[in-house]
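Numbering of the sequence shown is given in our numbering, commencing with residue -15 and proceeding in unit increments.
One structure is given here, and the rest of the page talks about it.
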Amino acid sequence: MVVQDMDGVVVVSLVEDQATGLWKAIEPFIDAGRRHVVLELSQVAFLNSVNIAAIIAARNKVVALEGKVMLADLNDRVKAIFKVLKLERIFELNRSLASAIVAIR
């Protein structure tokens, strides 16, 4: 997992099975006042229930602090998992990284 601050937006590039440590990775940025997080998932081919739960938990914590979380660069398989779980109600699924960064500001 790579976490970087891109002009006030916390961008997290996830790789397989790394979402379980998501909150610990972004918490220092949230504590520093950042409220916009983009999860870049181009290197993720599959998400199990534990990783999905970690993404939802991190999203809920950020939203509780009046922030936003967006997903970017989902492949079709991962997008299908989010759709089956009806998570498109809380996440947009069709954004590129660049468009997610612009939209979240």
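We treat Cβ as the ideally placed atom computed from N, Cα and C, and that holds for glycine.
None of the values given here were measured: they were computed from a predicted structure.
Lys8 - partner residues in DSSP beta bridges: Answer is none; Lys8 lacks a bridge partner.
query: I think Val(-4) touches Val34, with their Cβ atoms under 8 Å apart; what is that distance to the nearest whole Å?
result: Wrong, their Cβ atoms sit about 17 Å apart, outside the cutoff.
- prompt: With DSSP run on the structure shown, which of helix, strand or coil describes Glu0?
  reply: coil
- request: From the DSSP output, in three-state form, read off Ala67 for me.
  value: According to the sequence shown, residue 67 is Lys rather than Ala. DSSP, reduced to helix, strand and coil, places Lys67 within a helical segment of the structure shown.
task: Check the C-beta distance from Leu55 over to Leu31 and give it rounded, since I have them as a contact under 8 Å.
output: Contact flag wrong, Cβ pair sits at about 11 Å.
message: Restricting to Cα atoms, I'd like to know which of Asn59, Ile39, Ala48 is closest to Leu71.
response: Ile39
task: Please name the residue, chosen from Ala3, Val68, Asn59, that lies closest to Ala37 on a Cα-to-Cα basis.
output: Ala3
message: Let me check understanding here. Comparing Cα to Cα, which of Leu81, Ile85, Val(-6) lies closest to Asn59?
response: Considering only alpha carbons, the answer is Leu81.
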